[in-house]
Amino acid sequence: MLPFTYAIRNLFRDPTRLAQTVGGSALVVILLIAAVALNQGMSSVLSASGSPQNVVILGKGSEESIERSEVHLEAEAIISTAIRGLDEQLGVAAVSGEIFYQAPLKSSSGVENQALLRGVFEKSLLVHTSVRLLVGHFPGPGEVMVGRLAHRKMGIDAASFAVGKNVYFGKSDLRIVGVFEAPGTVLESEVWFDRNDLASLTQRNTLSAVVLRLDRAEFDDVHAFTLQRNDLELAAIPEDKYYEKLSLFYQPIKVMTWVTAALVAAGSIFGGLNTLYAAFASRIREMATLQSIGYTRMALMVSLIQESLLATLTGTLLAFLAAYFLLDGQTIPFSVGTFILTLTPTVIITGLVSGLLLGTLGTLPPAIRCLSPSLPHALRSS
Amino acid sequence: MSLISIHSLTKSYTKGKSTITPLENLSLNVPRGEFLALMGPSGSGKTTLLNLIAGIDSPTMGELEVDGRDIARLSRSELTRWRASHVGYIFQLYHLVPILSAFENIELPLLLGKLTKAQRREKVYAALELVDLVDRAHHRPSELSGGQEQRVAIARAIVHDPSLLVADEPTGDLDRESADAILNLLQTLAREHDKTIVMVTHDPKAADAADRILHLEKGQLIEQGGLNPAAENTPSPAPDHRL
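Those protein sequences? They're chains U and E, same order as listed.
Residue numbers for the first sequence follow numbering that gives the first Met the number 0, so the first one is 0 and each next one is one higher.
Residue numbers for the second sequence follow numbering that gives the first Met the number 0, so the first one is 0 and each next one is one higher.
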């Protein structure tokens, strides 16, 4: 075998080529890291938003869209009493009738943007158990509380969405009285109103949905209720299934992310291959000389792969550093919420495997081409 | 006793639709310790014969024994292993690895064996002493003159103590003074270290340094002269260092 130092020194034989290989592999790896982190972030926020213990009751025919759904106001009370075995706290059943609305909201800084609005009463905390107030209190009339990532969804700075500031909805201004968290869920991107306020502001006399939390009861009990009370025109869906279906809606976006990443990565890979072909082609005679000395093709192939791996893994390391400083922790808003890009073990392993594959599989075609000419022919090459 | 024994050797290959036969039905014996010069016009088959003797290429037909081993029957990987211990190849353009120092270039054949670092170092310095380049051990090829580069290449070819040295126009890229030094070194290796040397050259003066000169034309040995009288009186200035 050729000494490892041979591979290291070869790296610095052509600094331009080294920069191209390192830069190209860094670009490919960071694109893949970003694509995986985006898809994983979007999927995980949607899957974490739905609890298997919760059931969402929507208006029949509106199972695909909570915004279009209409549920009679009295359904909330009927559900509370008709379905046995719901979770409860201090005698209050975990049933929350809610209004869900997407509409422009104006911040105190003057920025107006589309926001996710939820009209609720305090007992909604019985079903949305991940919600924790970080500052302030639950909103009453004329007040709102905001999720800790709601400002990112709005595209404004956090200071504009702090407790004490006002927000403007239509001609009404409302005071922010609380900031809440609901880690890893879409709820964190929402602005929660007093339900009566939102009903009057949106001129609604129906709910969007009723969310309930099961204890001894099962989903089938809720489903049976919706069938028995077909006069209410309701449809039940487990909350986790609801978000799963929502996730399918975003599948084309995920595919687009992969296609875009793959196209840019392919361009970079072909550029890198071109660089390697040129670099190895200039060493055909040297490789032949080493073979004439007694080094096998396999030993030379290993050395060429070592050399490329050093470059691509350096690129991978740079990609990780860039991802750590530029991507990790970044919040990305999308239509139903906001998710955080995180360098999870899956993301890191994907990046590492890509770097390794680039250095090995990517090196094989130019290396084979470099080592394949017959020795007499290769020894005469310039 | 012959180190190289060739009988009815033919080499042909196809180029496009035509078949080219650079060597046809060639027979030759080279005794151990002989310094043989192969001469002939371009395309006469000199380098092809050299490559076959060195195990760089394989014949199409015929017998080719080197040091008692029929190398015509060896596979590509067997030939590679055989070359590692039996042949040293000296090229016209030296073919040194540019990123390695003279010491590291010479050490390359030894890395294929099982020597310790200290043993390798000892052998490399012995080779460097033989070619009188100890003071250039840590210079890279780009920091050496052409003559010095060729001497490093010779040291690389002999460091693992092969019985056979093949040289393809070893003085073809050197000035007269450097060429003479290289030829003297090759003579020393043949006479004092019992190396069998086969050298391809266009230069009659270089060929004069050999013990015997053979002429090739159109793949045939057209003249197999006796011992070269000019070589008898050529001085050998290189020091006598055993490897």
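C-beta: ideal position from N, C-alpha, C; glycine also.
Three-state class that DSSP yields for residue i in the structure shown
i: U:ASN204; result: coil
i: E:TYR88; result: strand
i: E:HIS214; result: strand
i: E:GLY61; result: strand
i: U:GLN113; result: strand
i: E:ALA136; result: coil
i: U:ALA102; result: strand
i: E:PRO161; result: coil
i: U:LEU1; result: coil
i: E:GLU106; result: helix
i: U:ARG12; result: coil
i: E:GLN219; result: strand
i: U:ILE7; result: helix
i: E:ILE55; result: coil
i: E:GLN118; result: helix
i: E:ASP239; result: Low confidence applies to E:ASP239: its pLDDT is 38, below 50, so where it sits in the model is not reliable, and the reading given next is rough at best. The answer is coil: DSSP assigns E:ASP239 none of H, G, I, E or B.
i: E:PRO169; result: coil
i: U:HIS150; result: helix
i: U:ILE65; result: coil
i: U:VAL28; result: helix
i: E:ARG150; result: helix
i: U:PHE248; result: helix
i: E:PRO234; result: Reliability fails at E:PRO234, whose pLDDT of 43 lies under 50, so the model's placement of it is uncertain and the value that follows must be treated cautiously. It is coil, neither helix nor strand.
i: U:ILE331; result: strand
i: E:SER17; result: strand
i: U:ALA18; result: helix
i: U:VAL119; result: strand
i: E:ALA125; result: helix
Proximity of residue i and residue j at Cβ, strictly below 8 Å
i: E:TYR12; j: E:ILE19; result: yes
i: E:THR170; j: E:ILE181; result: yes
i: E:LEU63; j: E:LEU8; result: yes
i: U:MET153; j: U:SER79; result: no
i: U:GLY358; j: U:SER307; result: yes
i: U:ALA310; j: U:LEU116; result: no
i: U:ARG174; j: U:GLY146; result: no
i: E:THR25; j: E:LEU220; result: Residue identity check: residue 25 of chain E is Leu in the sequence provided, not Thr. Yes; because the gap between Cβ atoms is below 8 Å, this pair is in contact.
i: U:VAL54; j: U:GLU232; result: no
i: U:SER42; j: U:SER334; result: no
i: E:LEU27; j: E:ILE89; result: no
i: U:VAL143; j: U:VAL166; result: yes
i: U:SER302; j: U:ALA6; result: yes
i: U:THR343; j: U:GLN39; result: yes
i: U:SER353; j: U:VAL28; result: yes
i: E:VAL29; j: E:THR195; result: yes
i: U:ALA298; j: U:LEU1; result: yes
i: U:LEU57; j: U:ALA208; result: yes
i: U:LEU378; j: U:ARG284; result: yes
i: E:PRO108; j: U:ILE32; result: no
Beta-ladder partner(s) of residue i, from DSSP
i: E:LEU182; result: Paired residues: none, contrary to the question.
i: U:ASN165; result: U:ARG174
i: U:GLY135; result: U:GLY177
i: U:SER144; result: Note on residue identity: the sequence assigns Met, not Ser, to residue 144 of chain U. Answer by DSSP bridge pairing, in chain order: U:GLY177, U:TRP191.
i: E:LEU22; result: E:LYS10
i: E:VAL29; result: E:ILE3
i: E:ILE196; result: E:PHE34, E:LEU164
i: U:ALA92; result: U:GLU87
i: E:ASP69; result: E:GLU64
i: U:GLY58; result: U:LEU233
i: U:HIS71; result: U:THR205
i: U:GLY336; result: U:PHE333
i: E:ASN50; result: In the DSSP output, where bridge partners are listed per residue, E:ASN50 has none listed.
i: U:ASN53; result: U:ARG212
Cβ-Cβ separation, residue j to residue i (assumed contact under 8 Å), whole Å
i: U:LEU85; j: U:ALA216; result: 6 Å
i: E:ASP167; j: E:GLN91; result: 6 Å
i: E:ALA71; j: E:SER57; result: 7 Å
i: E:SER100; j: E:HIS137; result: 5 Å
i: U:GLU66; j: U:PHE99; result: 6 Å
i: E:ALA156; j: E:GLU33; result: That belief does not hold up - the Cβ atoms of E:ALA156 and E:GLU33 are roughly 17 Å apart, past 8 Å.
i: E:LEU37; j: E:LEU48; result: 6 Å
i: U:GLU69; j: U:THR205; result: 4 Å
i: U:LEU37; j: U:LEU340; result: 7 Å
i: U:PRO62; j: U:ALA234; result: Checking the sequence, you will find Glu at residue 62 of chain U rather than Pro. Yes, they are in contact, since the Cβ atoms of U:GLU62 and U:ALA234 sit about 5 Å apart, within 8 Å.
i: U:THR337; j: U:ARG151; result: 5 Å
Any non-hydrogen atom of the ligand SAH within 7 Å of residue i CB
i: E:LYS217; result: Among the ligands in the structure shown, none appear at all, so the ligand SAH cannot be discussed.
Residue ranges of each alpha helix (DSSP H) within the stretch 208-244 of chain U, 4 or longer: 218-227
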